[in-house]
Amino acid sequence: MIGIPWAKESKQYAVLRSNAMNFAGSELAPVADELENTVDSPTFWRVVEKAADMGMLAALVPEKLGGEGVDPYSLCVALEECAVESAGFAASLLFHNAALVPLAYTERKDLVEEMSSGKPLATTATAGTVSMEGERLSGKATFVFNVLEGSPVLLFPTSSAGQEVVYVKTDYPGVGVRKDPYPLGWRVSSFASIELSGAEPFFALREFQREAKAATERIVYLGLAAISVGIARKSFEKAYEYARQRYQGGKIIIEHQAMRMMLARMLCGIEEGKAAIRRACEVDDLAPAIIAWRRAGSNACQAAMDGVQIHGGYGYMRDYGMERLMRDAKYCQMYPAPEEEGLLRIMEMVEERG
Amino acid sequence: MIGIPWAKESKQYAVLRSNAMNFAGSELAPVADELENTVDSPTFWRVVEKAADMGMLAALVPEKLGGEGVDPYSLCVALEECAVESAGFAASLLFHNAALVPLAYTERKDLVEEMSSGKPLATTATAGTVSMEGERLSGKATFVFNVLEGSPVLLFPTSSAGQEVVYVKTDYPGVGVRKDPYPLGWRVSSFASIELSGAEPFFALREFQREAKAATERIVYLGLAAISVGIARKSFEKAYEYARQRYQGGKIIIEHQAMRMMLARMLCGIEEGKAAIRRACEVDDLAPAIIAWRRAGSNACQAAMDGVQIHGGYGYMRDYGMERLMRDAKYCQMYPAPEEEGLLRIMEMVEERG
Amino acid sequence: RNYALPKALDLDRRMEEEPEYFDWEIMRQACRYRFLSIFIPKQLGGSATELMVSNTSLLMDELCSGCSGMALAIGAHSLGVAPLVTSGAIGHWDRILGEIVEGERRLEPVTMAYAITEPSAGTDVEEPEFLEVAKLSLEARRVEGGYLLNGRKCFISGGSEAKYITVCAALDKNRPLETWTTFLVERDMKGFSSPRVELKMGQRASHAAELLFEDVFVPDSHVLGYEGDGMANGILMVMAASRGPVGAIATGIARGAFEHFLRWAKTKRNGKRPIDEDRIRMNLADMWGMIQENRGLYMSNALLGDSIFGKVMSAPVMILTLSLPSFVRTNKLTNDFLNSRYGKAMINAIMRYYIKDDDITQLLETASLAKFSCADNAMELCSRALNLMGPDDSEERRWVEKCYRDAKLTQIYEGTNQLNRLVVNNVRFEETLKVEIPRPFKKGVVS
Amino acid sequence: RNYALPKALDLDRRMEEEPEYFDWEIMRQACRYRFLSIFIPKQLGGSATELMVSNTSLLMDELCSGCSGMALAIGAHSLGVAPLVTSGAIGHWDRILGEIVEGERRLEPVTMAYAITEPSAGTDVEEPEFLEVAKLSLEARRVEGGYLLNGRKCFISGGSEAKYITVCAALDKNRPLETWTTFLVERDMKGFSSPRVELKMGQRASHAAELLFEDVFVPDSHVLGYEGDGMANGILMVMAASRGPVGAIATGIARGAFEHFLRWAKTKRNGKRPIDEDRIRMNLADMWGMIQENRGLYMSNALLGDSIFGKVMSAPVMILTLSLPSFVRTNKLTNDFLNSRYGKAMINAIMRYYIKDDDITQLLETASLAKFSCADNAMELCSRALNLMGPDDSEERRWVEKCYRDAKLTQIYEGTNQLNRLVVNNVRFEETLKVEIPRPFKKGVVS
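Set out below in structure tokens:
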């Protein structure tokens, strides 16, 4: 791995990182382009199976419910490594794992087993507006990924009782799926919006709804931050490599200061993202997770954009793999909420605490 | 302390932080304005004495040489807390402590004792160009703080042998001091440039010069990052307080979204700085320290500038204490080297490591 | 500018030691160049031309590239003159504008200032919606034959030196927007004082003064425009003309910083010039781009302004009125007429004929846009220049440090940048803000 | 634009499935509006006016606010026409430009393209210093009566559709700068092909094509300008005229994104409109400011451009030459003369008389500045709009996503933004770069 020395990670994380890196390098890297251009392909499911073997489909679920019971930082490590090769695949994994978070507040081993069995993956729908009245859901969830026939979808509707945490399946009556095959980023995953008109959930959390939602959101923010770091790393690696072999102006372009400055800023951005994630994982609170997401997402966008710039015309063409990073990075920044709404939430949290 | 929950600090650091916070609140806060407007005053020396009592004048020096032997993160904690009340004073402490770093590579308990005795403080001169030929120094050191009669100055001249690490005193023959009473920031400290024409050092390191220089630089970068965080915190605190009592447009201004966005960005900036410092302290390398300095310094400048903006006209007037933060913050960003040179160094380090 | 450059740094430092010092020599120099009458019509001996706004903008740009503090001293005076001119208070022109022109001729500067900001109302007094709910300090109570002013204004540029001050005040603090009125206050009026000046971070050559009003009696004739039109026709009209020049001030500061930076970049140190490095070259190009952006913004605003104001100043009836011998206008009868409701109605009718509310509203939009964009670019440019110079021991760095301090004020005064953004939005995208020149015979709001 | 808006998103998607598809209907529409002859003098039936550069800029701005891909298809054609016009190769004008005009009239579009970039030389072929050390692919070897071209060009906008292509090539790869020459290549020349098009991230309606030259014979008459003046008089001259319009492209993309964003901001969702929030208002004002900055930059460049090129086009001798009946110029004798060194010398002399090197160099500076500044602003605007919309399921968001992809290309083509910054620096601050119109009878560099 090119770059500055990483801060030491404890052995547990170092092992995990090395495993995830191997998985990404051997399973994801060779098929990343193929995944990008076809959705729901046999290749995709073959990789998912391998991920399942590594415990990536129930990573955060407590062991007593049949999961791996790892901490959020471990998930971040795995997602970062996957995102280096395919941010879209990493996003798929993230939304799947996030969808299982509320189950930790239950005893439903059966649900865990069902949802983490592989095909279809579960997913988390946090954007949009959904409400629930008498066990009936209505409204619209936007930016939902992993949407296939019968995918379990975690939703956070509001009801007269307040916050709800429920699951539906995409093939239930009253669930309308509108797919969009051309999202800007994360093409690997199946992108859709979901219209709900009277659908009934197959499971609804009866207690700890607020906590479950906050925990899920925290994982989504942390995971996206980790994916952002992965994208930034890949952008740096590709740009660094290209800059050391491309000649312009009579020297390899890494010797042009404009290139050096961009590359150095990318490195700083990677480190900043990593530092913010590490810190956010240390405290069980949503605010630092939003802060890490914001910084890492912004840095990833910049890194990918600069990566394209360093590649010049080649960067702009699909066949050279750089432009995908720029598109994927943007979704890390746009999802799960506009940046400014994240900032407003942080202020609200601060004010609540006095 | 207003803000989002801090990531837990181990007990050792928490105690230190609380002590430093008390020191800053009771000793520095009441005299911060006075310090700003007079240099080398009795008040200044009274506060230095208290700092000495707390071990802040030989913080990093190994215990066997008579110092406190704390780690860099501890120094950062202390500097951050001091900087909340007076960034200039914190800078004085930093340059003094950094000046003692190379002594760890010696057995010179006597030098430690002499230099950490209080008046005058020692200082570190990293900017400018100084060379040494046959024990004679020539050149110019710029942006030197803590410069009074007889201050010991740490210099890093180049010689035919390579990197040197030497100390002179400001009242030595061949040492010309040009004071500037009106620097943009850090007014507390005595700002000067030093011209060297044949001056002889009173001590020169004979081995580990490279290591000593790198260690000193790392402390300077880390310390400045910590001071930046302190400035950002103070900016946030002042702005938050003001925004909750100032009415415009029929409501307290914190209810105007433009203010909320600025305040939230300040909070993010503080957290980013803290995260980057924490991470940089974990690995004994210059690159992460530069990265932390760059991020924290930039965030501090933005925070102070936004703090002034939130205060409106009041922010621009000296009597309301906000404009000082903006001026002090800028020196955290401009010193010890231009940002872009920092970036170029990072790239060099990456390339050296392949 | 030639005068300003060599002195600016020294004066900046001196102000730290003696915040109350004012360098009248600056104003005398300004007299020499006729900078004090740049808003005063030619016919009254002033130096205003049909390109008044453009000239002011270019002057500010140029002066600020030398020293924005000194430029502000000059600009704040013109800002004080502006309400007197835009309100069409011809009854006062001969006396006051004449005195300014005469003082300019004799190098004995007579200056004005414009007092808007109050201690607890900054943004509030710059925008109608906000003014409606403002908490004010100053109030003008109606009395026989005039008004009694009580309260404070603060941060008034040039307020400690001005002989005449155009002051905005509410007739009723509980109905600020409705009763907002512009008064002409003279320094020697009883009860008026300027007890305090601030030490500012930058632009120090001009004072920010506190003004104290203790039962200051202002006669009816000294109301500029109508009672209650102090916002829609007063402040907004002036701001439409003056925010563009603030953009020019910011541009001038940026250009000054840039020129020092460029000199630095071309100076050899240790055998090489910074400009020999590509990264410095790229930054130079970026900074130059910012300056060009700024110029485009404030100049297109200025040309629009001149096309609007030019129409009035070149209107036959205006030229005729101003071409009358001065004694006709200053004759008591005529003067009383001009200061009466009928006189005001006449001027008003002329203004309404030549200046369309929509035009002046569009001017306000472009001016506000130029103001915040130029200010932000200036701040960014100065900041970046300092980051590139780093811990360098050069006079250029000290200059840019001063520019950095100076530039910050342009984001704050004449309405914070946040307010100016709102103005642009409200005019252009929501059409909820409009400058209105009142109809003739607009009724008083209190009596 | 009316045509483009409803189709743009669909076409963008279709290109993903079929990268080789080209929608000729776009070009037929362009014919209807006479967009294909915007660089072609009136006398030849074209639609160029004395405000040629301004018109092109405004057209690009307007079209790009609809779809920059379609606009590029049209713009790339004009870029191909430009070297033919600026080199003053009158001998070819009647035939080729006439064919374009005729095609336009009949709605059977005939297009051109300009081929500069090579696989291992992008930035290198846009700047003299860089070209000097470039590693080239294409070489034009001197043979009896002409040249043999061998090698590749890549990323050529419109290169897969153009009937005529202006191609830059070195006569000697080891002396690229000295021997850099502009050739007129025709699609049906033997050995020429365009084997491949790329799937681009954006601006997809126009192809980026690879061009392959295998022993393509180009006769002497098809050298535009002189041997060896392909940089100083060729690319730099064209870039001086075309980079401003690239700024306009970026501005149009930004404006398109802005308009979609504004519509989004004014649309109610869950009972409230985003624009009701102050933060959205502030962002709107900021974005509007960026667009105004951009317009100022590209328009001031365009007006400068028109004042320069206008001089030539309105020169009496030029008007006279072009006013001759077409058969006089196409008569073989005249035509041979015009394509000979004497004919070229005559045109050259005229150009040198009317266009000063300093003017065109200044044009290059302002064009390069407009290019990078507008492109950066556009990218920033699109990025910010997306951040504000977030995970919103609206057609507007899809539009802005497209603009985001489209805008990135404006930072890359016509010289990367980095190169354009260097150009500004080199022209303005170091005076090391200059456009030069060669002296008449400039010698060939090989023969």
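If you read the sequences in order, they're chains A, B, C and D. Count along the first sequence from 1, add 23, and you get the number used in this note's numbering. Count along the second sequence from 1, add 23, and you get the number used in this note's numbering. Count along the third sequence from 1, add 3, and you get the number used in this note's numbering. Count along the fourth sequence from 1, add 3, and you get the number used in this note's numbering. Even for Gly, the Cβ is constructed at its ideal location relative to N, Cα and C.
**Proximity to C/E130 [Cα-Cα], best of C/P443, C/T419 and C/I363** = Locating residue 130 of chain C in the third sequence gives position 127, counting from the first residue. That would be C/T419, whose Cα lies nearest to the Cα of C/E130.
**Message:** For a quick check, are the C-beta atoms of B/S174 and B/A145 less than 8 Å apart?
**Reply:** Here residue 174 of chain B corresponds to residue number 151 of the second sequence, with the count starting at 1. Here residue 145 of chain B corresponds to residue number 122 of the second sequence, with the count starting at 1. Cβ atoms of B/S174 and B/A145: closer than 8 Å.
**Where the beta strand (DSSP E) containing D/E368 begins and where it ends** = Walking along the fourth sequence from the start, residue 368 of chain D turns up at place 365. Careful: D/E368 lies outside any beta strand (DSSP E), inside the alpha helix (DSSP H) at D360 to M392.
**Asked** For D/T369, which of C/I440, C/L323 and C/E296 has the nearest alpha-carbon?
**Response** Looking up residue 369 of chain D in the fourth sequence gives position 366. Selected option, being the one with the closest Cα: C/E296.
**Request:** For chain A, find out if any of its Cβ atoms is closer than 8 Å to the Cβ of D/S343; answer yes or no.
**Result:** Position 340 of the fourth sequence, counted from the first residue, corresponds to residue 343 of chain D. Not one chain A Cβ lies under 8 Å of D/S343.
**Request:** Less than 8 Å between the CB atoms is what I'm expecting for B/L286 and A/M370, so what's the real figure, rounded?
**Result:** Walking along the second sequence from the start, residue 286 of chain B turns up at place 263. Walking along the first sequence from the start, residue 370 of chain A turns up at place 347. About 6 Å; that satisfies the 8 Å criterion.
**Request:** Report the residue from C/E280, C/G255 and C/A260 whose alpha carbon sits nearest the alpha carbon of A/R283.
**Result:** As a working note, residue 283 of chain A is residue 260 in the first sequence. For the residues C/E280, C/G255 and C/A260, the minimum Cα distance to A/R283 belongs to C/E280.
**Asked** DSSP on B/V38, reduced to helix/strand/coil?
**Response** By one-based count along the second sequence, residue 38 of chain B stands at place 15. Helix, per DSSP.
**Asked** Among all the DSSP beta bridges, which residues are the ones paired with C/S196?
**Response** As a working note, residue 196 of chain C is residue 193 in the third sequence. Per DSSP, C/L215.
**Item:** 6 Å CB neighbourhood of D/Q32 in its chain, flanking five on each side removed
**Value:** Taking the first residue of the fourth sequence as position 1, residue 32 of chain D is located at position 29. Here the set comprises Y6.
**Prompt:** Would you call A/R267 buried or exposed, if buried means 16 or more other Cβ atoms sit within 10 Å of its Cβ?
**Reply:** The residue given as residue 267 of chain A occupies position 244 in the first sequence. Per the 10 Å Cβ criterion, exposed.
**Message:** Determine whether the beta carbon atoms of D/T120 and D/I77 lie at a separation below 8 Å.
**Reply:** Here residue 120 of chain D is taken as the residue at index 117 of the fourth sequence, counted from 1. Here residue 77 of chain D is taken as the residue at index 74 of the fourth sequence, counted from 1. No. Outside cutoff.
**Request:** Put D/A268 into one of helix, strand or coil per three-state DSSP.
**Result:** If you number the fourth sequence from 1, residue 268 of chain D lands on position 265. If DSSP states are grouped into helix, strand and coil, D/A268 belongs with the helices.
**Request:** Please go through the same chain and pick out, in chain order, the residues whose beta-carbon is closer than 7 Å to the beta-carbon of D/M316, but skip the five residues on each side of it.
**Result:** If you number the fourth sequence from 1, residue 316 of chain D lands on position 313. So the qualifying residues of the chain are P44 and E53.
**Selection of the region 141-157 of chain B by Cβ proximity to chain C, strictly under 9 Å** = T149, A150, G151 and T152
**Request:** Work out the CA separation of D/L436 and D/V226 for me, nearest whole Å.
**Result:** Position 223 of the fourth sequence holds residue 226 of chain D. Position 433 of the fourth sequence holds residue 436 of chain D. C-alpha separation (whole angstroms): 24 Å.
**Asked** Looking only at DSSP bridge pairs, what is B/L160 linked to?
**Response** Along the second sequence, one-based indexing puts residue 160 of chain B at 137. DSSP, once it has assigned bridges, lists B/M155 and B/A222 as partnering B/L160.
**Request:** Identify the contact partners of B/Q280 in chain D, using a Cβ-Cβ distance below 9 Å as the criterion.
**Result:** Taking the second sequence and counting its residues from 1, the one referred to as residue 280 of chain B is at position 257. Those within 9 Å of B/Q280 in chain D are E280, D281, R282, I283, R284 and M285.
**Asked** How is A/V211 classed by DSSP in three states: helix, strand or coil?
**Response** Sequence index remark: in the first sequence, residue 211 of chain A carries index 188 (1-based). In this structure, A/V211 counts as coil in the three-state DSSP scheme.
**Request:** Helix, strand or coil for C/S450, going by three-state DSSP, please let me know.
**Result:** Mapped onto the third sequence, residue 450 of chain C falls at position 447. Reliability fails at C/S450, whose pLDDT of 42 lies under 50, so the model's placement of it is uncertain and the value that follows must be treated cautiously. Of the three classes helix, strand and coil, the one that applies to C/S450 here is coil, per DSSP.
**Asked** Counting contacts by CB-CB distance shorter than 8 Å, is C/V515 in contact with chain B?
**Response** Within the shown structure, residues of chain C are numbered from 4 to 450, placing residue 515 of chain C beyond reach of any answer.
**Prompt:** Applying the criterion that 16 or more other CB atoms from any shown protein chain within 10 Å of the CB defines a buried residue, is B/N45 buried or exposed?
**Reply:** In the second sequence, counting from the first residue as 1, residue 45 of chain B sits at position 22. The residue is exposed, with fewer than 16 neighbouring Cβ atoms inside 10 Å.
**Message:** Please report the distance separating the alpha-carbon of A/M289 from that of A/G253.
**Reply:** To locate residue 289 of chain A, count along the first sequence from 1; it is residue 266. To locate residue 253 of chain A, count along the first sequence from 1; it is residue 230. One C-alpha to the other measures close to 12 Å.
**Prompt:** Are the beta-carbon atoms belonging to A/G221 and A/G197 less than 8 Å from one another?
**Reply:** Within the first sequence, the letter at position 198 stands for residue 221 of chain A. Within the first sequence, the letter at position 174 stands for residue 197 of chain A. Yes.
**Prompt:** Are the C-beta of B/M328 and some C-beta of chain D separated by less than 8 Å?
**Reply:** What you label residue 328 of chain B is simply residue 305 of the second sequence in a count that begins at 1. So no, B/M328 is outside the interface.
**Prompt:** Under 8 Å between the Cβ atoms of C/F375 and C/N429?
**Reply:** Taking the first residue of the third sequence as 1, we reach residue 375 of chain C at position 372. Taking the first residue of the third sequence as 1, we reach residue 429 of chain C at position 426. No, they are not a contact pair.
**Asked** My guess is that B/V200 and B/L228 are in contact by the Cβ rule of under 8 Å, so how many angstroms apart are they, rounded?
**Response** The sequence position of residue 200 of chain B within the second sequence is 177, counting from 1. The sequence position of residue 228 of chain B within the second sequence is 205, counting from 1. So it is not a contact: roughly 23 Å between Cβ atoms.
**Request:** Could you work out which residues of chain D lie near B/M284, taking near to mean beta carbons separated by less than 7 Å?
**Result:** Numbered from its first residue, the second sequence carries residue 284 of chain B at position 261. Per Cβ cutoff of 7 Å: R282.
**Message:** Please classify C/F330 as buried or exposed, where buried requires at least 16 neighbouring CB atoms within 10 angstroms.
**Reply:** One-based indexing of the third sequence puts residue 330 of chain C at position 327. Per the 10 Å Cβ criterion, exposed.
**Asked** Where do the N-terminal and C-terminal ends of the beta strand (DSSP E) with C/N153 fall, by residue?
**Response** Residue numbering aside, residue 153 of chain C sits at position 150 when the third sequence is read from its first letter. It spans G149 to S160 - the beta strand (DSSP E) in which C/N153 sits, taken as one unbroken run.
**Prompt:** Any heavy atom of the ligand PLP closer than 7 Å to the Cβ of B/Q325?
**Reply:** For the ligand PLP, the structure offers nothing, since it holds no ligand at all.
**Request:** May I ask you to list, following chain order, the residues of the region 222-244 of chain A that have a beta carbon less than 8 Å from some beta carbon of chain D?
**Result:** none
**Request:** Find the residues of chain B that neighbour A/L367, judging by a C-beta separation of less than 8 Å, and give them in chain order.
**Result:** For this step, residue 367 of chain A is matched to residue 344 along the first sequence. In chain order: Q280, R283, M284 and A287.
**Item:** Backbone secondary structure at C/R178 - three-state DSSP
**Value:** Reading the third sequence from its first residue, position 175 is the one you call residue 178 of chain C. In this structure, C/R178 counts as coil in the three-state DSSP scheme.
**Asked** Quick one: which chain A residues come within Cβ less than 9 Å of B/M370?
**Response** Taking the first residue of the second sequence as 1, we reach residue 370 of chain B at position 347. In chain order: I277, R283, M284, L286, A287 and L290.
**Asked** If we call anything under 8 Å between Cβ atoms a contact, is C/I168 one with C/A118?
**Response** Position 165 of the third sequence holds residue 168 of chain C. Position 115 of the third sequence holds residue 118 of chain C. For C/I168 and C/A118, yes; Cβs fall inside 8 Å.
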